[in-house]
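For the record, in the sequence shown the residue sitting at position 93 is 92 according to numbering that gives the first Met the number 0, with numbers rising by one throughout. Idealized CB from N, CA, C, for every residue including glycine. The structure appears right after this line, and notes come after that.
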Amino acid sequence: MWIVRLALRRPYTFVVASLLLLLLTPFVLLRTPTDIFPSINIPVVSVIWQYTGLSAKEIEQRMVYTHERALTTTVNNIQHIESTSYDGVGVIKVFFQQGVSPEAGVAQVTAVSQTILRQLPSGTTPPLIIQYNASTVPILQYGISSKTLSEQQTFDLALNTVRVGLISVPGVGVPYPYGGKQRVVSVDLDLKALERQNLSAQDVVTAISAQNLVFPSGTAKIGVNEYPIDLNTSPRLIARLNDLPVKTVEGAVIRVRDVAQVRDGYTPQQNLVRQDGLRSVLLSVLKNGTASTLSVANGVKAAMANVKNMLTGDVQIKQFGDQSLFVKAAVSGVVREGVIAAALTAGMILLFLGSWRSTLIIAISIPLSVLASLAILSAIGETI
0 MWIVRLALRR PYTFVVASLL LLLLTPFVLL RTPTDIFPSI NIPVVSVIWQ YTGLSAKEIE
60 QRMVYTHERA LTTTVNNIQH IESTSYDGVG VIKVFFQQGV SPEAGVAQVT AVSQTILRQL
120 PSGTTPPLII QYNASTVPIL QYGISSKTLS EQQTFDLALN TVRVGLISVP GVGVPYPYGG
180 KQRVVSVDLD LKALERQNLS AQDVVTAISA QNLVFPSGTA KIGVNEYPID LNTSPRLIAR
240 LNDLPVKTVE GAVIRVRDVA QVRDGYTPQQ NLVRQDGLRS VLLSVLKNGT ASTLSVANGV
300 KAAMANVKNM LTGDVQIKQF GDQSLFVKAA VSGVVREGVI AAALTAGMIL LFLGSWRSTL
360 IIAISIPLSV LASLAILSAI GETI
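Shown next as structure tokens:
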């Protein structure tokens, strides 16, 4: 073979090349992402429409179908579209052709979503748009529970404290928590009281909206100092909303508490998580893009340690579902099997040929071949 003849004519060139490969490849491997699966560059964009109170059939016919039709006529390089409609929620998944820029796909989908808002039912808000690809998988999961906090407080803690402390890690995506109760301020109407006072539900909504406001009101200069002035009618406590006036009838003030009850409530709970017998919240950590599973997992664990130091009370955060353990085991297995293969091959050469030179050549060439293959994989953007 020509490469053998070339090596025999230029032995020093190949020795130097082998030494360079042996010295430089480990530094290349340290920068190569280590992942569970190979890199799958099939970008997917999810569009989530929300309209509380609308049935799944109406969501499909009045919102999802309209948006799908707009996507197919405006957005480029679509492979196929999948959609699912629920009561109050419509989810559209747009799968793009392999190799398409995810940023371009998100930009086009966002533009179309904003354009068709006028064609959707009145009061429709802009959708939530999420970009990911086929290799976006959960690598860590955390269970958050407390014996003293309510489910609303636990959900708020996971969403606004724990989640915020993790999203700064490069390559991390942290979706909304699973389980718990999402806090909302509820106004429970007394229909009989409304009827007696000749009021409607819209009257209560208008009264609360008009009197729960914060307005900038300019500044006041006193001497050499200038002070900002705010017009703040927003009560500090939720219960104080019950004192807002709704209407005056013959000198008598009808307040919110006379026809309704404002309370600290929650949206209808659709999922439930338990940890050690306690109702808890599940937080999943996703790996995005070409980031290394090992580096992302290590970064999240370090960030979670800082988050735990900030928490007080009896909040417990337990980790489970660590996918980085499988990656470490797989890499260790490959290294172990490679060493065993090189040792067995060299042993067979020594046993049957009795040549130390041939044995040494085989023992060196096998690891170098593996290192060269890994270096090529890294150069073309693949993962280990």
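By the CB criterion at 8 angstroms, Pro32 and Ala290 fall inside the cutoff. When the beta-carbon positions are compared, Val44 and Val108 come within less than 8 angstroms of each other.
Less than 8 angstroms divides the Cβ of Tyr50 from the Cβ of Pro120.
When DSSP states are grouped into helix, strand and coil, Ile80 belongs to the strand group.
Taking C-beta separations shorter than 7 angstroms and ignoring five residues to either side along the sequence, the partners of Val245 in its chain run Leu198, Asp202, Val203, Ala206, Ile253, Arg254, Val255 and Val258, following chain order. DSSP places Ala259 outside any alpha helix (DSSP H); the residue lies instead in the beta strand (DSSP E), whose first and last residues are Ala259 to Tyr265. The alpha-carbon separation between Arg239 and Asp263 amounts to approximately 12 angstroms.
DSSP, read as helix, strand or coil, puts Gln140 in strand. Unbroken beta strand (DSSP E) stretches of 3 residues or longer found wholly inside the stretch 235-303: 244-248, 251-254, 259-265, 272-274 and 277-286, given in chain order.
Distance from Gly89 to Asn40 at the Cβ level is roughly 27 angstroms; contact not present, criterion being Cβ atoms closer than 8 angstroms. In the displayed model, Gly178 falls within a strand according to three-state DSSP. Boundaries of the alpha helix (DSSP H) around Tyr64: Tyr64 to Thr73.
If you check the CB distance, Val306 and Val161 come in under 8 angstroms. The C-alpha of Leu116 lies about 8 angstroms from the C-alpha of Thr124. Annotation: Val213 to Lys220 spans about 21 angstroms, alpha carbon to alpha carbon. The stretch 185-193 makes no contact with the stretch 323-337; the number of CB pairs closer than 8 angstroms stays below 3. Distance from the CA atom of Met309 to the CA atom of Leu22, rounded to whole angstroms, is 43 angstroms. Taking a C-beta distance under 8 angstroms as the contact criterion, Ala55 and Tyr85 qualify as a contact pair. Within the same chain, Ser144 and Lys146 come within 7 angstroms of Leu277 by CB-CB distance, once the 5 residues on both sides are set aside.
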